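Under the UniProt record's numbering, the residue at position 112 of the sequence shown is numbered 112, and the numbers go up by one with no gaps. Just so you know, even glycine gets a beta-carbon here, dropped at the ideal spot from N, CA and C. Since the structure is predicted, the reported quantities are computational estimates derived from the model, not experimental observations. What follows is one structure encoded as structure tokens, with my remarks underneath.
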Amino acid sequence: MGLGRMASSRCFFSACSSVFWIKLIKYIISTGHSLAKAGRIPCETFRSDISSQMLASACISPLQCNRRETPKRVGRREVFVDGVSSIYCRRDEQTNDEDDAFSRSVSIHRLEDGSVKYLGRMVRQSTVPLTTRRMFATTFFSLCCFPSRYFSALALGDSSVTVEEVTPPVFPPGPLFPTEERVVKLFERNTNSVVNIFDITLRPQLNVTGVVEVPEGNGSGVVWDEQGHIVTNYHVVGNALSRNPSPGQVVARVNILVSEGLQKSFEGKLIGADRAKDLAVLKVEASKDLLNPIKVGSSSSLRVGQQCLAIGNPFGFDHTLTVGVISGLNRDISSRAGITIAGGVQTDAAINPGNSGGPLLDSKGSLIGINTAIFTQTGTSAGVGFAIPSSTVLKIVPQLIQFGKVVRASLNVEIAPDLVANQLNVRNGALVMQVPGNSSAAKAGLLPTSRGFAGNIILGDIITAIDEKSVKNKGDLSNILDDYSVGDKVLLEIVRGNQSLELPVVLEESQS
1 MGLGRMASSR
11 CFFSACSSVF
21 WIKLIKYIIS
31 TGHSLAKAGR
41 IPCETFRSDI
51 SSQMLASACI
61 SPLQCNRRET
71 PKRVGRREVF
81 VDGVSSIYCR
91 RDEQTNDEDD
101 AFSRSVSIHR
111 LEDGSVKYLG
121 RMVRQSTVPL
131 TTRRMFATTF
141 FSLCCFPSRY
151 FSALALGDSS
161 VTVEEVTPPV
171 FPPGPLFPTE
181 ERVVKLFERN
191 TNSVVNIFDI
201 TLRPQLNVTG
211 VVEVPEGNGS
221 GVVWDEQGHI
231 VTNYHVVGNA
241 LSRNPSPGQV
251 VARVNILVSE
261 GLQKSFEGKL
271 IGADRAKDLA
281 VLKVEASKDL
291 LNPIKVGSSS
301 SLRVGQQCLA
311 IGNPFGFDHT
321 LTVGVISGLN
331 RDISSRAGIT
341 IAGGVQTDAA
351 INPGNSGGPL
361 LDSKGSLIGI
371 NTAIFTQTGT
381 SAGVGFAIPS
391 STVLKIVPQL
401 IQFGKVVRAS
411 LNVEIAPDLV
421 ANQLNVRNGA
431 LVMQVPGNSS
441 AAKAGLLPTS
451 RGFAGNIILG
461 DIITAIDEKS
471 VKNKGDLSNI
481 LDDYSVGDKV
491 LLEIVRGNQS
501 LELPVVLEES
511 QS
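Given below as structure tokens:
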């Protein structure tokens with residue numbers, strides 16, 4: 001008996017629910033239909049601001065439209081034309097109409113709150129077409145009354161239920177911005193001037209912290225001329241050079257870009273190297289059509305903030321472009337090998353293992369430096385990279401090509417490293433440690449550091465200036481002498497004990 005009552009209650013509840021939903025849906029549909037029959041407006045310029053479905057099929061008989069072209073406001077009502085102003089319609093007198101309700105004029109007004117006043121009756125404007133409302137009502141009714149038909153089909157993977165994948169429209173690429181186009185052209189014009197260099201004897205190196213030569217398994221280089229000379233860093237082929245190879249000996253493999261994605265390998269023969277400036281010149285036997293010499297610019301006119309580009313082979317990814325700005329000028333580039341290069345160009349263009357020896361270009365595509373070092377705590381780029389300025393490259397490379405070495409003017413004396421000088425309380429100047437007896441410096445009276453009878457250290461002469469150019473450390477001394485030639489006479493300003501002296505010295509060819 002209890003089960004029967006429960007079943008009856010359920011059936012009654014289902015029936016009531018069904019009747020409720022049916023009446024609700026009929027009301028929605030009938031409301032839309034009644035709005036649709038409100039009055040047909042045969043005006044082609046009538047827009048859909050007021051529901052086009054409501055008015056397009058409104059009248060049983062044709063009506064003619066009169067429009068007020070000048071909008072005006074009547075109380076809270078806004079008079080509008082063609083969906084924006086009031087539309088007045090009258091019945092065509094020649095047409096017999098069974099419905100006399102439309103024999104009078106019809107006016108439609110939109111109120112400020114978006115509702116529509118029609119024949120004194122307030123109706124809310126609908127922006128959803130009639131067919132869409134009917135479809136929504138039918139679907140809503142089915143989901144409420146028969147949910148199992150839909151959700152069970154989705155759960156069981158019914159083949160009658162399909163999910164349609166919508167593919168977003170694909171728009172064709174637009175033109176590049178002028179700045180992008182310029183960078184692309186610079187890369188395309190210079191990428192064939194960059195080569196990939198492999199030291200045939202190189203072994204992996206451990207990452208270190210500080211300003212270092214980039215540790216790498218390969219490096220980069222630039223095509224210098226059509227004779228096949230390739231300029232790179234000394235440390236890129238440093239392992240092979242540490243074995244004192246003779247000029248003409250193969251020290252590396254050089255890959256030249258032949259076409260997009262295709263490179264041709266050549267033997268890189270040693271022409272000359274300068275460890276002090278971290279530069280080396282190799283030569284390949286390649287046809288001229290494969291050699292695209294780099295255009296060399298001036299580094300003396302660089303300004304902090306101007307754009308620069310670096311091309312190289314970081315981590316073996318050949319011909320990679322990075323873009324940055326000149327971050328600083330006249331930086332002293334020092335490495336753990338004791339090499340100090342003055343006038344270095346600092347950049348935030350990413351320089352990573354494999355970029356060493358590659359070009360740093362200005363916004364015109366001219367070489368302004370050879371990428372050589374990074375400041376790092378991880379072994380990879382930290383946004384602080386350094387390049388040997390092109391002014392230094394232009395001095396060194398021609399000598400390496402002609403003589404196989406740099407003919408450098410020198411005092412031919414041994415100068416104490418900065419660390420040793422600091423330990424000896426020498427804060428300013430270059431401390432002289434040894435002076436060869438047959439050197440011009442010895443003849444001029446320059447004194448070295450020595451030990452006294454009691455074992456105490458007697459400091460040698462401290463060079464503080466050359467021709468009135470201040471010398472603060474060993475690096476300054478080397479950089480100043482780069483501007484002189486063998487045989488030039490210079491005036492040294494020195495400190496000897498508590499005395500300040502001046503000594504004239506004739507510069508000799510460097511023996512180191």
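message = With three or more beta-carbon pairs closer than 8 Å as the criterion, would you say the stretch 352 to 367 touches the stretch 231 to 240?
response = yes
ask   = residue 467: buried (16+ other C-beta within 10 angstroms of its C-beta) or exposed?
value = On the sequence shown, position 467 is the one that residue 467 refers to. Classification of residue 467: exposed, given that the 10 Å Cβ count is below 16.
key: DSSP state of residue 476 mapped onto helix, strand, coil   = Taking the sequence shown and counting its residues from 1, one reaches residue 476 at position 476. Helix, per DSSP.
inquiry  = For a test of the three-state rule: what should DSSP assign to residue 303, helix, strand or coil?
reply    = The residue given as residue 303 occupies position 303 in the sequence shown. DSSP places residue 303 in coil when its eight states are reduced to three.
message = Going by C-alpha to C-alpha distance, which of 426, 400, 325 sits closest to residue 386?
response = Counted from its first residue, the sequence shown places residue 386 at position 386. Closest option to residue 386, Cα to Cα, is 325.
request  = Round the Cβ separation of residue 548 and residue 388 to the nearest angstrom and send it over; I've been treating them as touching at under 8 Å.
outcome  = In the structure displayed, the chain extends from 1 to 512; residue 548 sits before or after that span and is not available.
inquiry  = In whole angstroms, give me the CA-to-CA distance for residue 236 and residue 488.
reply    = Position 236 of the sequence shown, counted from the first residue, corresponds to residue 236. Position 488 of the sequence shown, counted from the first residue, corresponds to residue 488. The alpha-carbon atoms of residue 236 and residue 488 are separated by roughly 34 Å.
message = Using only the alpha-carbon positions, how far apart do residue 380 and residue 347 sit?
response = On the sequence shown, position 380 is the one that residue 380 refers to. On the sequence shown, position 347 is the one that residue 347 refers to. Unreliable positioning characterises residue 380 in this predicted model, as indicated by a pLDDT of 49, which lies under 50. The coordinate reading is nonetheless provided below. Looking at the two C-alpha atoms, the distance is approximately 14 Å.
inquiry  = Going residue by residue through the stretch 401 to 448, where are the continuous alpha helix (DSSP H) segments of at least 4 residues, counting only ones entirely within it?
reply    = 418 to 423, 440 to 444
ask   = In terms of alpha-carbon separation, which member of 456, 450, 499, 192 lies closest to residue 464?
value = Looking up residue 464 in the sequence shown gives position 464. Among 456, 450, 499, 192, the Cα nearest to that of residue 464 belongs to 499.
Which listed residue (403, 353, 367) has its alpha carbon closest to that of residue 247 = Locating residue 247 in the sequence shown gives position 247, counting from the first residue. Selected option, being the one with the closest Cα: 403.
request  = Could you check if residue 198 is buried or exposed, using at least 16 other CB atoms within 10 Å of its CB as the buried criterion?
outcome  = Locating residue 198 in the sequence shown gives position 198, where the first residue counts as 1. Classification for residue 198: buried.
request  = Using beta-carbon positions only, say whether residue 190 and residue 257 come within less than 7 Å of one another.
outcome  = Taking the sequence shown and counting its residues from 1, one reaches residue 190 at position 190. Taking the sequence shown and counting its residues from 1, one reaches residue 257 at position 257. Not closer than 7 Å, so no.
request  = Measure from the alpha carbon of residue 442 to the alpha carbon of each residue in 370, 506, 340, then state which is nearest.
outcome  = The sequence position of residue 442 within the sequence shown is 442, counting from 1. Per the Cα distances, 506.
request  = Please classify residue 299: is it buried, with 16 or more other beta-carbons within 10 angstroms of its beta-carbon, or exposed?
outcome  = Position 299 of the sequence shown, counted from the start, is the residue given in the question as residue 299. So residue 299 ends up on the buried side.
task = Compare the Cα-Cα distances from residue 311 to each of 277, 322, 484, 472 and report the closest residue.
result = On the sequence shown, position 311 is the one that residue 311 refers to. The residue with the shortest Cα to Cα distance from residue 311 is 322.
query = What does a CB cutoff of less than 7 Å around residue 394 pick up in its chain, not counting 5 residues either side in sequence?
reply = Taking the first residue of the sequence shown as 1, we reach residue 394 at position 394. Result list for residue 394: 296, in chain order.
query = What's the gap between the Cα of residue 186 and the Cα of residue 266?
reply = Walking along the sequence shown from the start, residue 186 turns up at place 186. Walking along the sequence shown from the start, residue 266 turns up at place 266. Distance between the alpha carbons of residue 186 and residue 266: 26 Å.
task = Give me the Cα-Cα distance between residue 276 and residue 510, rounded to the nearest whole angstrom.
result = Stepping through the sequence shown from its first residue, residue 276 is reached at position 276. Stepping through the sequence shown from its first residue, residue 510 is reached at position 510. So the alpha carbons of these two residues sit roughly 12 Å apart.
key: Beta bridge counterpart(s) of residue 255 as assigned by DSSP   = Along the sequence shown, one-based indexing puts residue 255 at 255. Paired residues: 196, 265.
message = In the DSSP output, what is residue 489 paired with across the bridge?
response = Within the sequence shown, residue 489 is the residue found at index 489, counting from 1. Bridge partners of residue 489: 506.
inquiry  = What does the Cβ neighbour count give for residue 471, buried or exposed, with the cut at 16 atoms within 10 Å?
reply    = Locating residue 471 in the sequence shown gives position 471, counting from the first residue. Buried: at least 16 other Cβ atoms inside 10 Å.
request  = Helix, strand or coil for residue 452, going by three-state DSSP, please let me know.
outcome  = The count along the sequence shown starts at 1 and reaches residue 452 at position 452. Coil at residue 452, not helix or strand.
query = Quick one: is residue 491 buried, meaning 16 or more other Cβ sit within 10 Å of its Cβ, or exposed?
reply = What you label residue 491 is simply residue 491 of the sequence shown in a count that begins at 1. Looking at its Cβ environment, which holds fewer than 16 other Cβ atoms inside 10 Å, residue 491 is exposed.
ask   = How would you label residue 289, buried or exposed, when you count the other beta carbons within 10 angstroms and need 16 or more for buried?
value = Here the question's residue 289 lines up with position 289 in the sequence shown. The residue is exposed, with fewer than 16 neighbouring Cβ atoms inside 10 Å.
inquiry  = In the DSSP assignment, the beta strand (DSSP E) including residue 179 goes from what residue to what residue?
reply    = Within the sequence shown, residue 179 is the residue found at index 179, counting from 1. First-last for residue 179: 178 to 190, but that is the alpha helix (DSSP H), not the beta strand (DSSP E).
key: Inter-residue spacing [alpha-carbon to alpha-carbon] between residue 481 and residue 421   = As a position in the sequence shown, residue 481 is number 481, starting the count at 1. As a position in the sequence shown, residue 421 is number 421, starting the count at 1. Each residue's alpha carbon lies about 20 Å from the other.
ask   = Just checking my contact of residue 274 with residue 396 at CB under 8 Å: how many whole Å lie between their CB atoms?
value = Along the sequence shown, read from residue 1 onward, the residue named residue 274 stands at position 274. Along the sequence shown, read from residue 1 onward, the residue named residue 396 stands at position 396. That pair is a contact at about 5 Å.
query = How about residue 501 and residue 444: do their beta carbons lie closer than 7 Å?
reply = Taking the first residue of the sequence shown as 1, we reach residue 501 at position 501. Taking the first residue of the sequence shown as 1, we reach residue 444 at position 444. No, Cβ-Cβ distance for residue 501 and residue 444 is not below 7 Å.
query = Per DSSP, what kind of secondary structure is residue 386 in: helix, strand or coil?
reply = What you label residue 386 is simply residue 386 of the sequence shown in a count that begins at 1. If DSSP states are grouped into helix, strand and coil, residue 386 belongs with the strands.
ask   = Roughly how many whole angstroms lie between the Cα atoms of residue 343 and residue 201?
value = Taking the first residue of the sequence shown as position 1, residue 343 is located at position 343. Taking the first residue of the sequence shown as position 1, residue 201 is located at position 201. Approximately 31 Å, taken between the alpha carbons.
Residue from 371, 353, 352 whose Cα sits closest to the Cα of residue 361 = Taking the first residue of the sequence shown as 1, we reach residue 361 at position 361. The shortest C-alpha separation from residue 361 is found at 371.
ask   = Beta carbon of residue 228, beta carbon of residue 286: below 7 Å?
value = Looking up residue 228 in the sequence shown gives position 228. Looking up residue 286 in the sequence shown gives position 286. Closer than 7 Å, so yes.
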